[in-house]
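Residue numbers (this note's numbering): 1012 to 1087.
Taking it in order: structure first as C-alpha cells, then the write-up.
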C-alpha cells in the first residue's frame, strides 16, 4: 500500500491499515528546473497513544534517531 503526502500532510496508519506491522518511509522529489536550488528534506515520526504524543523522547527525527522502545528508527 502506498500513501502520497504533500507538504504538511499526515496520515493515521492505524486508520488506513489497522493490521500493519512494518512501515518503510522513503522521500522523493522532482528536480527543480528553474533555480537549481538544493532541497532540504527530513522525515519525522510522532508516536502517539489516544491522540497524544507520549513525550518528547517519542518524537523521532534527525536529532533523536530512535524511539525509547526501539520500534522506530530514523536512518537519516
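Cβ coordinates follow ideal geometry from the N, Cα and C atoms, glycine included.
query = DSSP beta-bridge partners for residue 1084?
reply = Locating residue 1084 in the chain shown gives position 73, counting from the first residue. Beta-bridge analysis with DSSP links residue 1084 to 1077.
key: Environment of residue 1034 [buried if 16+ CB atoms lie within 10 Å]   = Within the chain shown, residue 1034 is the residue found at index 23, counting from 1. That one is exposed.
task = Please say whether residue 1058 and residue 1036 have beta carbons closer to each other than 8 Å?
result = For the purposes of this step, residue 1036 is identified with residue 25 of the chain shown, where counting begins at 1. For the purposes of this step, residue 1058 is identified with residue 47 of the chain shown, where counting begins at 1. In this structure, residue 1058 does not lie closer than 8 Å to residue 1036 by Cβ.
Contacting residues, own chain, Cβ-Cβ under 8 Å from residue 1079 (five flanking each side not counted) = Your numbering for residue 1079 matches position 68 in the chain shown. Hits under 8 Å: 1068, 1069.
request  = Tell me where the alpha helix (DSSP H) around residue 1024 begins and ends.
outcome  = Numbered from 1 along the chain shown, position 13 holds the residue referred to as residue 1024. Element bounds for residue 1024: 1024–1027.
inquiry  = Would residue 1055 and residue 1071 be called neighbours here (beta carbons separated by less than 8 Å)?
reply    = As a working note, residue 1055 is residue 44 in the chain shown. As a working note, residue 1071 is residue 60 in the chain shown. In this structure, the beta-carbon distance from residue 1055 to residue 1071 falls below 8 Å.
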